[in-house]
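Here's the structure, in structure tokens; my notes come after.
2 protein chains.
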Amino acid sequence: MSNRLDPSLIARLPPFSKLDRDQITTLLEQATSQLYPAETTIFSEGQEAERFFLLLDGHIRVVRLTPGGEQVIALHIPPGQLFGIAQAIGRKTYPAMAVAAEDCIALSWPVNLWQRFCDDFPGFATETYRTVGERMGELHESILAMATKHVEERVACALMRLIQQGGRKDGNAVEISFPVTRQNISDMTGTTLHTVSRLLSAWARDGVVESRRRHIRILDPHRLVLLSGA
Amino acid sequence: MSNRLDPSLIARLPPFSKLDRDQITTLLEQATSQLYPAETTIFSEGQEAERFFLLLDGHIRVVRLTPGGEQVIALHIPPGQLFGIAQAIGRKTYPAMAVAAEDCIALSWPVNLWQRFCDDFPGFATETYRTVGERMGELHESILAMATKHVEERVACALMRLIQQGGRKDGNAVEISFPVTRQNISDMTGTTLHTVSRLLSAWARDGVVESRRRHIRILDPHRLVLLSGA
DNA sequence: CGTGAAGTTTGATATTCCGCAATGAACCCG
DNA sequence: CGGGTTCATTGCGGAATATCAAACTTCACG
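Top line first, the protein sequences correspond to chains A and B. Just so you know, my numbering puts the end of the first sequence at 233, numbered straight through with nothing missing. Just so you know, my numbering puts the end of the second sequence at 233, numbered straight through with nothing missing.
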């Protein structure tokens, strides 16, 4: 809960990019900064939405649970984005669970500041609604993929989404910059970790990917696109 | 494009329920009213969002198309709700296609009035964001169902969603009040019309449903809930 | 009416993918 | 450095569901 946050941390991020130095300072003074170790649950589905968050570093998994205990990963939040913004969609409770995919640092503010931010900070409201729209687009894409594509294509799509949000380029290859298990990928695509494992093995044989435990590199992104059946 | 619209048409609908008579009148004077015959495409995915809509009567299917020409029904819009509200999610183009599931009547306004509505009409912005939130919730549910449930359960869920939005009660039974084909249901659930047909036949044998061409009645809603694996 | 189009049913066959089971490799921590 | 835990691999059999094919109903419309 440091109150020595550097304005440069957030000055360039879209929701705040139009603000002047003073506004940024005000904003930071009211913020709480916290480290969430990997696999921490930041908030749960249905829980009262008491704060909203800005992810500074790391990646968040947005997860929904079934009554039967299975889990589905609906989205990933990349650094620099707001999350836990139930207020933006007229809710008083969080619509899903947020889990730190790796060690994460996030700022957060109490909900009662939400309206203030929207009113006082030009571009804040607009940008958050754009974010909501983008996430809705991603959900749409997921549904489309689940409804029309075969497992192999869906898994390829999932990998592509992952590298789009957390891809470290390395020559021709791309590595997913945060830890991902086979189980995680199966939770994104509605399959089993077995099937994912088999697919990755096959792709590794063909030189499309390479994978260590919890880490995946795509050696031939182009071939992956083909496999995704775009 | 009548300008003799009765204020009572919309005065009670959530987005406008807090407005006084004069405001409603102003609002209606600026609106265009139009009939969209069944199966009409009201707007297409990617198209410039020039107007936003309020559905007065009928049901809308929100559809996405794959490059391969398959279609997926992501949502249904019931009467009384806004749709085509790309502005609310920071977009300049419609994110999906809207098709009239039956004869529909809708009001629409040019986008340049959107900001005015948000500023001038108390509750309008809030209500639209609530709507966006609800639709996001539905997309989440779809994803959860597609990822974790078997076809039979998914189809049962789809029927339940349909009766929730367009269900005419009739004693113990419920009838879906607008036309639905096997193909439509398969487009909602990511199956084939063949499988849906088989399931409905089986359920009809068990007395759970009854169906004519393009119309489905649920005779035993409780059994359907069980089949949905809630 | 009669004809065609759209929607539905059903069977037979094909295939994908899951579930189960067991082994093996990588990592953490004391 | 050893022991346990988490994560990954692989084979096999079987169930769920798609695909193919054909006949049948219902309806709209001339």
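All C-beta atoms in this analysis are idealised placements derived from N, C-alpha and C, irrespective of residue type, glycine included.
Leaving aside the five residues that flank I80/B on each side, the residues in its chain whose CB is nearer than 6 Å to its CB run, in chain order, L58, I63 and F86. Counting along the chain, I188/B sits inside the alpha helix (DSSP H) bounded by residues R185 to T192. At least one CB atom of chain A sits nearer than 8 Å to the CB of T151/B. Under the Cβ criterion of 8 Å, Y97/A is not counted among the residues facing chain B. Identification of residues in the stretch 52 to 70 of chain B having a C-beta nearer than 8 Å to some C-beta of chain A yields R67, T69 and P70, given in sequence order.
Judged by DSSP secondary structure, P224/B falls within the alpha helix (DSSP H) whose first and last residues are P224 to L230.
The residues T96 and Y97, in chain order, have a CB closer than 7 Å to that of Q50/A in the same chain once the five nearest residues on each side in sequence are set aside. Distances from the CA of L142/B to each of I76/B, S47/B, D209/B and D60/B were compared; the closest alpha carbon is that of I76/B. Comparing alpha carbon positions, the residue from A233/A, I108/A, E32/A and G140/A closest to P82/A is I108/A. The contact set of R133/A on chain B, defined by CB atoms closer than 9 Å, consists of I92, G93 and R94 in chain order. Within chain A, the C-beta atoms nearer than 9 Å to that of I146/B come from R67, V75, A77, L142, S145, I146, M149 and G193, in chain order.
Residue Y132/B holds the alpha-carbon nearest to the alpha-carbon of P17/B among V102/B, R94/B, T28/B and Y132/B.
Here R220/A has D173, A176, V177, E178, I179, V212, E213 and S214 as same chain residues with Cβ atoms under 8 Å from its own Cβ, once five neighbours each way along the sequence are excluded.
Among the residues facing chain B, T43/A is not included, as its CB has no counterpart in that chain under 8 Å away. Residues of chain B whose Cβ lies closer than 8 Å to the Cβ of M163/A do not exist; the shortest such Cβ separation is about 15 Å. Linking R216/A to R138/A through their CA atoms gives a straight-line distance of about 29 Å. The beta carbon of L12/A sits closer than 7 Å to those of L59, all from its chain and outside the five residues before and after it, given in chain order. For Q118/A, the enclosing alpha helix (DSSP H) has its first and last residue at W117 to D123. Looking at the DSSP output, K172/A bridges to V177/A.
As the crow flies, the alpha-carbon of A89/B is around 16 Å from that of V102/B. Counting only runs of 4 or more residues that sit fully inside the stretch 23 to 79 of chain A, the alpha helix (DSSP H) segments are 24 to 32, in chain order. G49/A is outside the set of residues whose beta carbon lies under 8 Å from a beta carbon in chain B. Under the Cβ criterion of 8 Å, T129/B is counted among the residues facing chain A. A direct Cα-Cα distance of roughly 42 Å separates L22/B from A148/A.
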